[in-house]
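Working notes for the structure below.
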Amino acid sequence: MNDESRSLLERAALRYLAARPWEKLRDEHFFGIADRETGLEGWASVAGSDGEEFGLGIYVGKDGRRVLEKTLALDIDVERQNRAADVIALTVADEAEAGDFREGTKLPLSTLVKGKKVFPIVFRKPPESTSTRALRDREAVFLARALDAVSRTAEWGLDEDDVLDERGGRLTLSLLGKSEALEIERSYDEPKGPLDLRADLEEALHEAPRTKRFLVGFQDSTLAVFDPREKKLLHEEKTADDPAAAAARLVEILAGKGPIPARLPREIWTDAPSLEAALAPLLSRFGVKVASKLELKELRRKKP
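Okay, so the sequence shown: first residue is 11 according to the working numbering, each after it adds one.
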(Lines of atoms letter the chains of each structure in order from A; the text may use other names.)
(Lines give C-alpha, C1' and ligand atoms only; values in the text may rest on other atoms or scores of the structure.)
Protein backbone atom coordinates (compact mmCIF):
# COMPACT_ATOMS: atom_id res chain seq x y z
CA MET A 11 0.00 0.00 0.00
CA ASN A 12 1.19 3.51 -0.68
CA ASP A 13 1.05 6.15 2.06
CA GLU A 14 -2.21 7.68 0.83
CA SER A 15 -4.05 4.34 0.70
CA ARG A 16 -2.71 3.30 4.09
CA SER A 17 -3.73 6.60 5.69
CA LEU A 18 -7.22 6.34 4.23
CA LEU A 19 -7.55 2.76 5.51
CA GLU A 20 -6.22 3.60 8.98
CA ARG A 21 -8.81 6.35 9.49
CA ALA A 22 -11.61 4.12 8.18
CA ALA A 23 -10.59 1.21 10.42
CA LEU A 24 -10.66 3.40 13.54
CA ARG A 25 -14.08 4.83 12.60
CA TYR A 26 -15.47 1.35 11.98
CA LEU A 27 -14.21 -0.06 15.28
CA ALA A 28 -15.56 2.99 17.13
CA ALA A 29 -18.99 2.56 15.45
CA ARG A 30 -19.31 -1.02 16.82
CA PRO A 31 -21.73 -2.32 14.12
CA TRP A 32 -21.54 -5.81 15.66
CA GLU A 33 -23.87 -4.57 18.41
CA LYS A 34 -26.73 -4.54 15.88
CA LEU A 35 -25.59 -7.02 13.23
CA ARG A 36 -24.44 -10.62 13.38
CA ASP A 37 -22.36 -12.34 10.72
CA GLU A 38 -25.44 -13.87 9.07
CA HIS A 39 -26.89 -10.36 8.46
CA PHE A 40 -24.74 -9.98 5.35
CA PHE A 41 -25.27 -7.39 2.61
CA GLY A 42 -23.83 -6.38 -0.75
CA ILE A 43 -21.23 -3.69 -1.40
CA ALA A 44 -20.48 -2.32 -4.87
CA ASP A 45 -17.82 0.38 -5.23
CA ARG A 46 -17.79 2.45 -8.38
CA GLU A 47 -14.44 4.10 -7.55
CA THR A 48 -12.39 0.88 -7.44
CA GLY A 49 -14.69 -1.32 -9.53
CA LEU A 50 -14.70 -3.98 -6.79
CA GLU A 51 -17.79 -5.57 -5.26
CA GLY A 52 -18.71 -8.33 -2.85
CA TRP A 53 -20.85 -9.45 0.07
CA ALA A 54 -19.95 -8.19 3.55
CA SER A 55 -20.40 -9.87 6.91
CA VAL A 56 -19.88 -8.04 10.23
CA ALA A 57 -17.89 -10.01 12.82
CA GLY A 58 -17.87 -9.53 16.58
CA SER A 59 -21.40 -10.13 17.88
CA ASP A 60 -20.10 -13.05 19.94
CA GLY A 61 -17.67 -10.74 21.74
CA GLU A 62 -14.51 -11.65 19.83
CA GLU A 63 -12.94 -11.53 16.34
CA PHE A 64 -14.21 -8.02 15.63
CA GLY A 65 -14.03 -6.78 12.07
CA LEU A 66 -15.53 -7.01 8.59
CA GLY A 67 -15.11 -9.67 5.93
CA ILE A 68 -15.97 -8.97 2.29
CA TYR A 69 -16.39 -12.03 0.07
CA VAL A 70 -15.28 -10.59 -3.25
CA GLY A 71 -17.19 -10.86 -6.51
CA LYS A 72 -20.70 -11.88 -7.50
CA ASP A 73 -19.97 -15.47 -6.47
CA GLY A 74 -19.01 -14.24 -2.99
CA ARG A 75 -22.63 -14.47 -1.88
CA ARG A 76 -22.81 -18.20 -2.62
CA VAL A 77 -19.55 -18.93 -0.77
CA LEU A 78 -20.59 -16.77 2.18
CA GLU A 79 -24.00 -18.43 2.45
CA LYS A 80 -22.46 -21.90 2.41
CA THR A 81 -19.89 -20.83 5.01
CA LEU A 82 -22.52 -19.37 7.35
CA ALA A 83 -24.76 -22.40 6.90
CA LEU A 84 -21.82 -24.69 7.78
CA ASP A 85 -22.57 -26.34 4.43
CA ILE A 86 -18.92 -26.35 3.31
CA ASP A 87 -15.97 -27.90 5.11
CA VAL A 88 -13.05 -25.75 6.26
CA GLU A 89 -10.67 -26.97 3.56
CA ARG A 90 -13.14 -26.26 0.74
CA GLN A 91 -14.02 -22.91 2.33
CA ASN A 92 -10.37 -21.87 2.41
CA ARG A 93 -9.95 -22.86 -1.24
CA ALA A 94 -13.12 -21.19 -2.52
CA ALA A 95 -13.21 -17.99 -0.49
CA ASP A 96 -11.84 -14.73 -1.88
CA VAL A 97 -11.90 -12.40 1.13
CA ILE A 98 -10.75 -8.86 1.86
CA ALA A 99 -10.94 -8.35 5.60
CA LEU A 100 -10.36 -6.18 8.65
CA THR A 101 -9.84 -7.95 11.96
CA VAL A 102 -8.10 -7.08 15.22
CA ALA A 103 -5.32 -8.70 17.24
CA ASP A 104 -4.11 -8.07 20.76
CA GLU A 105 -0.47 -7.28 21.53
CA ALA A 106 0.46 -10.95 21.94
CA GLU A 107 -1.13 -11.96 18.62
CA ALA A 108 -0.12 -8.95 16.52
CA GLY A 109 3.46 -10.10 16.03
CA ASP A 110 2.27 -13.29 14.36
CA PHE A 111 0.87 -11.46 11.33
CA ARG A 112 3.03 -10.98 8.27
CA GLU A 113 4.60 -7.65 7.36
CA GLY A 114 2.22 -5.18 5.76
CA THR A 115 -0.96 -6.59 7.29
CA LYS A 116 -0.77 -4.93 10.74
CA LEU A 117 -1.67 -1.26 10.67
CA PRO A 118 0.73 0.92 12.70
CA LEU A 119 -1.90 2.06 15.21
CA SER A 120 -3.95 0.75 18.09
CA THR A 121 -7.39 1.37 19.57
CA LEU A 122 -9.63 0.08 22.32
CA VAL A 123 -12.40 -2.43 21.72
CA LYS A 124 -14.44 -3.33 24.81
CA GLY A 125 -11.70 -1.79 26.93
CA LYS A 126 -8.95 -3.93 25.40
CA LYS A 127 -6.04 -2.56 23.36
CA VAL A 128 -6.08 -4.06 19.87
CA PHE A 129 -4.26 -3.60 16.57
CA PRO A 130 -6.19 -3.55 13.26
CA ILE A 131 -5.12 -6.25 10.80
CA VAL A 132 -6.02 -6.03 7.09
CA PHE A 133 -5.42 -8.67 4.43
CA ARG A 134 -6.68 -10.47 1.36
CA LYS A 135 -7.08 -14.24 1.16
CA PRO A 136 -7.15 -14.98 -2.59
CA PRO A 137 -9.17 -17.89 -4.01
CA GLU A 138 -7.40 -21.24 -4.31
CA SER A 139 -4.95 -20.17 -1.61
CA THR A 140 -4.77 -21.01 2.10
CA SER A 141 -2.54 -18.04 3.00
CA THR A 142 -3.16 -14.31 3.28
CA ARG A 143 -1.24 -11.37 1.87
CA ALA A 144 -1.00 -7.62 2.35
CA LEU A 145 -3.50 -5.44 0.52
CA ARG A 146 -2.68 -3.68 -2.71
CA ASP A 147 -3.67 -0.04 -3.15
CA ARG A 148 -6.95 -0.71 -4.97
CA GLU A 149 -7.99 -3.32 -2.40
CA ALA A 150 -7.05 -1.03 0.50
CA VAL A 151 -9.16 1.81 -0.93
CA PHE A 152 -12.10 -0.58 -1.47
CA LEU A 153 -11.91 -1.84 2.12
CA ALA A 154 -11.59 1.69 3.47
CA ARG A 155 -14.65 2.86 1.55
CA ALA A 156 -16.62 -0.22 2.66
CA LEU A 157 -15.66 0.36 6.30
CA ASP A 158 -16.74 4.01 6.06
CA ALA A 159 -20.04 3.00 4.47
CA VAL A 160 -20.82 0.54 7.26
CA SER A 161 -19.80 3.08 9.91
CA ARG A 162 -22.13 5.68 8.45
CA THR A 163 -25.07 3.33 8.00
CA ALA A 164 -24.54 2.12 11.58
CA GLU A 165 -24.90 5.74 12.70
CA TRP A 166 -28.16 5.97 10.74
CA GLY A 167 -29.51 2.91 12.53
CA LEU A 168 -28.58 -0.03 10.28
CA ASP A 169 -29.73 -3.25 11.95
CA GLU A 170 -30.92 -6.74 11.03
CA ASP A 171 -34.36 -5.48 9.94
CA ASP A 172 -32.68 -3.34 7.26
CA VAL A 173 -30.78 -6.23 5.70
CA LEU A 174 -33.86 -7.77 4.03
CA ASP A 175 -36.80 -5.94 2.47
CA GLU A 176 -40.40 -7.14 2.62
CA ARG A 177 -39.89 -9.30 -0.48
CA GLY A 178 -36.69 -10.91 0.80
CA GLY A 179 -34.22 -8.89 -1.26
CA ARG A 180 -30.79 -8.36 0.31
CA LEU A 181 -29.48 -4.87 1.06
CA THR A 182 -26.85 -3.53 -1.33
CA LEU A 183 -24.76 -0.44 -0.59
CA SER A 184 -23.48 1.29 -3.73
CA LEU A 185 -20.46 3.52 -3.01
CA LEU A 186 -20.12 6.62 -5.18
CA GLY A 187 -17.94 9.73 -5.30
CA LYS A 188 -14.54 10.39 -3.78
CA SER A 189 -13.64 8.91 -0.41
CA GLU A 190 -13.47 12.34 1.23
CA ALA A 191 -17.16 12.87 0.38
CA LEU A 192 -18.45 9.32 0.06
CA GLU A 193 -21.97 8.91 -1.29
CA ILE A 194 -23.98 5.82 -0.40
CA GLU A 195 -27.01 4.54 -2.27
CA ARG A 196 -29.13 1.83 -0.64
CA SER A 197 -31.07 -0.68 -2.71
CA TYR A 198 -32.13 -4.33 -2.57
CA ASP A 199 -31.14 -7.11 -4.91
CA GLU A 200 -33.72 -9.39 -6.45
CA PRO A 201 -34.87 -12.02 -3.94
CA LYS A 202 -34.16 -15.66 -4.67
CA GLY A 203 -36.83 -18.24 -5.29
CA PRO A 204 -40.35 -18.02 -6.70
CA LEU A 205 -42.63 -15.28 -5.39
CA ASP A 206 -45.92 -16.82 -6.50
CA LEU A 207 -47.79 -19.58 -4.68
CA ARG A 208 -50.28 -22.03 -6.11
CA ALA A 209 -53.84 -21.02 -5.27
CA ASP A 210 -54.45 -24.18 -3.22
CA LEU A 211 -51.35 -23.56 -1.10
CA GLU A 212 -52.22 -19.92 -0.49
CA GLU A 213 -55.75 -20.84 0.59
CA ALA A 214 -54.48 -23.63 2.87
CA LEU A 215 -51.95 -21.32 4.53
CA HIS A 216 -54.57 -18.63 5.15
CA GLU A 217 -56.78 -21.23 6.86
CA ALA A 218 -54.02 -23.06 8.74
CA PRO A 219 -53.99 -22.96 12.58
CA ARG A 220 -51.28 -20.65 13.92
CA THR A 221 -48.43 -21.46 16.28
CA LYS A 222 -45.62 -19.38 17.69
CA ARG A 223 -42.43 -20.71 16.11
CA PHE A 224 -40.87 -23.51 14.08
CA LEU A 225 -37.17 -24.26 13.80
CA VAL A 226 -36.19 -25.34 10.29
CA GLY A 227 -32.91 -26.98 9.39
CA PHE A 228 -31.47 -27.19 5.89
CA GLN A 229 -28.09 -28.93 5.91
CA ASP A 230 -26.62 -31.48 3.50
CA SER A 231 -29.82 -31.36 1.41
CA THR A 232 -31.90 -32.42 4.45
CA LEU A 233 -34.94 -30.36 5.42
CA ALA A 234 -36.01 -30.68 9.07
CA VAL A 235 -38.97 -29.08 10.90
CA PHE A 236 -38.85 -28.87 14.70
CA ASP A 237 -41.56 -27.58 17.06
CA PRO A 238 -39.89 -26.01 20.15
CA ARG A 239 -43.19 -25.86 22.04
CA GLU A 240 -43.71 -29.61 21.69
CA LYS A 241 -39.94 -30.20 21.81
CA LYS A 242 -40.40 -32.54 18.88
CA LEU A 243 -38.93 -33.03 15.42
CA LEU A 244 -42.07 -33.05 13.27
CA HIS A 245 -40.54 -34.11 9.98
CA GLU A 246 -37.25 -34.68 8.18
CA GLU A 247 -36.62 -35.49 4.51
CA LYS A 248 -34.01 -35.26 1.78
CA THR A 249 -34.56 -32.51 -0.77
CA ALA A 250 -32.71 -31.05 -3.73
CA ASP A 251 -29.54 -29.12 -2.85
CA ASP A 252 -31.30 -25.89 -3.76
CA PRO A 253 -32.70 -23.33 -1.27
CA ALA A 254 -35.59 -22.34 -3.57
CA ALA A 255 -36.69 -25.97 -3.95
CA ALA A 256 -36.38 -26.55 -0.19
CA ALA A 257 -38.42 -23.41 0.50
CA ALA A 258 -41.15 -24.54 -1.91
CA ARG A 259 -41.27 -27.96 -0.23
CA LEU A 260 -41.46 -26.39 3.24
CA VAL A 261 -44.43 -24.27 2.14
CA GLU A 262 -46.20 -27.45 1.03
CA ILE A 263 -45.51 -29.04 4.43
CA LEU A 264 -46.81 -25.98 6.31
CA ALA A 265 -49.95 -26.02 4.15
CA GLY A 266 -50.68 -29.64 5.08
CA LYS A 267 -49.69 -31.01 1.67
CA GLY A 268 -47.20 -33.34 3.27
CA PRO A 269 -46.71 -35.69 6.23
CA ILE A 270 -48.01 -33.38 9.00
CA PRO A 271 -51.23 -31.38 9.51
CA ALA A 272 -51.27 -27.79 8.28
CA ARG A 273 -49.83 -25.31 10.75
CA LEU A 274 -48.43 -21.82 10.16
CA PRO A 275 -45.91 -20.35 12.62
CA ARG A 276 -45.60 -16.63 13.29
CA GLU A 277 -41.82 -17.06 13.23
CA ILE A 278 -39.44 -19.44 11.51
CA TRP A 279 -35.83 -19.72 12.62
CA THR A 280 -33.53 -21.49 10.20
CA ASP A 281 -29.87 -22.50 10.34
CA ALA A 282 -29.42 -21.71 6.62
CA PRO A 283 -29.24 -18.06 5.47
CA SER A 284 -29.82 -19.26 1.90
CA LEU A 285 -33.13 -20.80 2.95
CA GLU A 286 -34.11 -17.60 4.75
CA ALA A 287 -33.56 -15.61 1.55
CA ALA A 288 -35.71 -18.01 -0.50
CA LEU A 289 -38.45 -18.49 2.12
CA ALA A 290 -39.01 -14.94 3.40
CA PRO A 291 -40.67 -13.59 0.22
CA LEU A 292 -43.02 -16.59 0.09
CA LEU A 293 -44.31 -16.21 3.65
CA SER A 294 -44.13 -12.46 4.34
CA ARG A 295 -47.70 -12.00 3.02
CA PHE A 296 -48.94 -14.27 5.82
CA GLY A 297 -47.20 -12.28 8.54
CA VAL A 298 -44.50 -14.90 9.05
CA LYS A 299 -41.08 -13.56 10.03
CA VAL A 300 -38.17 -15.69 8.81
CA ALA A 301 -34.75 -15.27 10.45
CA SER A 302 -31.49 -17.18 10.22
CA LYS A 303 -30.00 -18.39 13.51
CA LEU A 304 -26.81 -20.34 13.10
CA GLU A 305 -26.94 -22.20 16.42
CA LEU A 306 -30.14 -24.24 16.56
CA LYS A 307 -28.96 -27.07 18.78
CA GLU A 308 -32.45 -28.58 19.03
CA LEU A 309 -32.20 -29.64 15.39
CA ARG A 310 -29.12 -31.73 16.10
CA ARG A 311 -30.39 -33.42 19.26
CA LYS A 312 -34.06 -34.27 18.66
CA LYS A 313 -35.38 -37.21 16.68
CA PRO A 314 -38.98 -37.98 15.64
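From the three backbone atoms N, C-alpha and C, an ideal C-beta is built for every residue, glycine too.
Using a 10 Å radius around the Cβ and a threshold of 16 neighbouring Cβ atoms, would you call residue i buried or exposed?
| i | result |
| --- | --- |
| Leu-50 | buried |
| Ser-7 | This structure does not reach residue 7, given that the chain is present from 11 up to 314, and the question cannot be answered. |
| Ser-302 | buried |
| Ser-17 | exposed |
| Asp-13 | exposed |
| Thr-140 | exposed |
| Leu-119 | exposed |
| Ala-317 | Nothing about residue 317 can be read from this structure; the chain reaches only from 11 to 314. |
| Asp-158 | buried |
| Arg-155 | buried |
| Glu-79 | buried |
When you compare the CB positions of residue i and residue j, do they come within less than 8 angstroms of one another, or not?
| i | j | result |
| --- | --- | --- |
| Pro-283 | Glu-38 | yes |
| Leu-117 | Glu-20 | yes |
| Arg-134 | Glu-113 | no |
| Asp-169 | Lys-267 | no |
| Thr-280 | Val-235 | no |
| Ser-197 | Ser-189 | no |
| Ile-270 | Val-300 | no |
| Gly-178 | Pro-291 | yes |
| Ala-233 | Pro-253 | Per the sequence shown, residue 233 should be read as Leu rather than Ala. No. Outside cutoff. |
| Thr-121 | Leu-27 | yes |
| Gly-125 | Val-102 | no |
| Ile-131 | Val-97 | no |
| Asp-199 | Arg-223 | no |
| Thr-182 | Gly-61 | no |
| Ser-161 | Arg-25 | yes |
| Trp-53 | Arg-36 | no |
First and last residue of the alpha helix (DSSP H) that includes residue i?
| i | result |
| --- | --- |
| Glu-212 | 209-217 |
| Ala-108 | 105-108 |
What residue range is occupied by the uninterrupted beta strand (DSSP E) comprising residue i?
| i | result |
| --- | --- |
| Leu-122 | 121-123 |
| Arg-223 | 220-229 |
| Arg-16 | Per DSSP, Arg-16 belongs to no beta strand (DSSP E); it is in the alpha helix (DSSP H), 13-29. |
| Ser-197 | 193-198 |
| Phe-64 | First-last for Phe-64: undefined, no H or E at that position. |
| Thr-232 | 232-237 |
In three-state terms, what does DSSP make of residue i?
| i | result |
| --- | --- |
| Ala-154 | helix |
| Gly-74 | helix |
| Ile-263 | helix |
| Leu-244 | strand |
| Ala-250 | coil |
| Lys-126 | strand |
| Arg-180 | strand |
| Arg-295 | helix |
| Ala-301 | strand |
| Pro-275 | strand |
| Asp-175 | coil |
| Ala-83 | coil |
| Arg-146 | coil |
| Glu-170 | helix |
| Asp-37 | coil |
| Ala-164 | helix |
| Ala-255 | helix |
| Ala-95 | coil |
May I ask you to list the residues that DSSP assigns as paired with residue i?
| i | result |
| --- | --- |
| Lys-307 | Bridge partners of Lys-307: none, in fact. |
| Trp-53 | Gly-42, Tyr-69 |
| Glu-113 | Its beta-bridge partners do not exist; DSSP assigns none. |
| Ile-349 | Because the chain is modelled from 11 through 314, residue 349 falls outside the range shown and cannot be assessed. |
| Leu-285 | Paired residue(s): none; Leu-285 is not in a bridge. |
| Thr-280 | Val-226, Ser-302 |
| Leu-185 | Asp-45, Ile-194 |
Verify the CB distance criterion: does residue i have a CB-CB separation below 8 angstroms to chain D?
| i | result |
| --- | --- |
| Glu-170 | Absent from the structure is chain D; it holds one protein chain and no more. |
Comparing the CB of residue i with every heavy atom of the ligand ZN, is any distance shorter than 7 angstroms?
| i | result |
| --- | --- |
| Leu-185 | With respect to small molecules bound, the structure shown includes none, and the ligand ZN cannot be examined in it. |
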